[in-house]
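Residue numbers (our numbering): 329 to 799.
The structure under discussion appears below in the form of structure tokens.
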Ligand code: GLN
């Protein structure tokens, strides 16, 4: 399948047109997606219309891109894979990332499945459909941007966008063998992303190559007056440094991320990635991020707290499906939320409301904010000594469907290695780095690289070197 870069080259030398590319993708969606279930919907007619008038000289001219279904596209439904919004909401505006993709010439292809309101690590919390791992359909794709990862991995999207609050781009990318890139907090505007936890959410690309991830960031990144948390610094060309290699760079290996909690295959993969970077001229530095062990606990206070507030707008009046037979406004509210939200979303709202409630606020939320500062400080100090940090993306390969479904805590640990980057607001990327063979199926394993806030250029440079050295 074409990458963004090879597609652009094919358009320029005339061997392919955007209409042919869209038709080829539509073919592969109709062949593959009934089994994989990555797409909630796609609009072939409007994609073909856009393809017919695509300007291939633009940076993403004629490149079809699919979107996680928590990004607003004017005139289209946006469900967050929730019954609450299904059939009850049409986006009245474009998210800034959508505006920017369109300005760069991209064609918006379709809407992808996800965990309901982005809460989950397997896409099994989608209230609308199941998504299966293209490498072994008895296994999960990861989440919450599971459709975004599965579409790229199964050849039904050239590239997609996802959102990452605690790992939701990087973790499914690792499970599906694609590149998943979470930019620094504030690098990409969140305007038009349906908020989960506003201080943690970031939008980013899932692609086949690191170069493609850089090309997408070039299009979607940069300051946006519509998002007051977007950082007002000049944009760079993130493809400029890709080929500079790693000679002389310091790669930190934090001991807390290589504990006994990871599977042998993941350990071997990360050891090999480190050796490959060393052979390419990098210096490996053993280091420690001592507060990492509190990251999951901290996240599961802060993220539900913010979610309980963000999701209060879904009340059956302002937004969402309205329960019938209600006896008053409060009853309407309760019934609509009970019928509309799935069990995990309800659990998060209850958790979040609890940690914010009078008498508990200081003990939970206030304390979590303090620990968050310590986690952030760990990274700030680490980046005084190293350029980029290398860790596993996930503790093990994708699990089977249905495992953990009775134990949310086990599931929460799936994000042990990705969550800290969100709490610290820094950037991270998962690059395919190996696999484990189980029952004759090759299950992908990703290596995570983490960089400082606004350090995307160097992060992508190292990621590209790793990708090239492993290929
Ligand atoms: N799995 C984590 C959660 O359930 C992270 C989700 C995300 O990054 N959106 O909250």
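Glycine included, C-beta positions come from ideal geometry on N, C-alpha and C.
This structure is a prediction, so every number in the text was calculated from the model and none was measured.
Per DSSP, the bridge partner or partners of residue i
| i | result |
| --- | --- |
| residue 615 | 582 |
| residue 396 | 440 |
| residue 763 | 772 |
| residue 758 | 508 and 776 |
| residue 632 | DSSP output for residue 632 lists no bridge partner at all. |
| residue 487 | 393 |
| residue 370 | 438 |
| residue 532 | 490 |
| residue 405 | 418 |
| residue 714 | Looking at the DSSP assignment, residue 714 forms no beta bridge with any residue, so it has no partner. |
Assigned exposure category for residue i - 16 Cβ within 10 Å defines buried
| i | result |
| --- | --- |
| residue 427 | buried |
| residue 563 | exposed |
| residue 598 | buried |
| residue 453 | buried |
| residue 457 | exposed |
| residue 844 | Residue 844 cannot be examined here, being either before or after the span of the chain that is shown, 329 to 799. |
| residue 795 | buried |
| residue 432 | buried |
| residue 705 | exposed |
| residue 361 | buried |
| residue 357 | buried |
| residue 735 | exposed |
| residue 565 | exposed |
| residue 617 | buried |
| residue 657 | exposed |
| residue 665 | buried |
| residue 738 | exposed |
| residue 629 | buried |
| residue 620 | buried |
| residue 435 | buried |
| residue 477 | buried |
| residue 596 | exposed |
| residue 339 | buried |
| residue 631 | buried |
| residue 676 | buried |
Of the residues the options, the one placed nearest residue i, counting alpha carbons only
| i | options | result |
| --- | --- | --- |
| residue 720 | 740, 498 and 404 | 498 |
| residue 772 | 762, 779 and 766 | 762 |
| residue 667 | 652, 626, 676 and 680 | 652 |
| residue 742 | 645, 450, 729 and 601 | 450 |
| residue 487 | 632, 523, 534 and 513 | 534 |
| residue 602 | 776, 658 and 628 | 776 |
| residue 636 | 370, 481 and 674 | 674 |
| residue 639 | 384, 445, 345 and 420 | 445 |
| residue 644 | 415, 607 and 512 | 415 |
| residue 789 | 396, 537 and 412 | 537 |
| residue 624 | 586, 747 and 371 | 747 |
| residue 551 | 594, 513, 573 and 586 | 513 |
| residue 684 | 545, 641, 633 and 434 | 633 |
| residue 417 | 646, 443, 369 and 338 | 646 |
| residue 385 | 471, 607 and 337 | 337 |
| residue 585 | 622, 607 and 606 | 622 |
| residue 764 | 345, 412 and 464 | 464 |
| residue 786 | 592, 573, 403 and 739 | 573 |
| residue 405 | 509, 352, 522 and 344 | 522 |
| residue 753 | 770, 703 and 524 | 703 |
| residue 467 | 750, 755 and 726 | 726 |
| residue 612 | 700, 593 and 718 | 718 |
| residue 780 | 713, 398, 600 and 650 | 713 |
| residue 504 | 525, 724 and 350 | 724 |
Short CB-CB distance (under 8 Å) between residue i and chain C
| i | result |
| --- | --- |
| residue 774 | Looking at the structure shown, chain C is missing, and only one protein chain is on hand. |
Under 8 Å between C-beta atoms of residue i and residue j
| i | j | result |
| --- | --- | --- |
| residue 715 | residue 590 | no |
| residue 441 | residue 394 | no |
| residue 588 | residue 520 | no |
| residue 570 | residue 539 | yes |
| residue 614 | residue 561 | no |
| residue 626 | residue 696 | yes |
| residue 784 | residue 387 | no |
| residue 482 | residue 490 | no |
| residue 382 | residue 389 | yes |
| residue 470 | residue 369 | no |
| residue 757 | residue 791 | yes |
| residue 335 | residue 391 | yes |
| residue 507 | residue 798 | no |
| residue 318 | residue 492 | A query on residue 318 cannot be resolved here, the shown segment of the chain reaching from 329 to 799 and no further. |
| residue 412 | residue 648 | yes |
| residue 343 | residue 396 | no |
| residue 502 | residue 331 | no |
| residue 517 | residue 558 | yes |
| residue 364 | residue 460 | yes |
| residue 455 | residue 410 | yes |
| residue 376 | residue 347 | yes |
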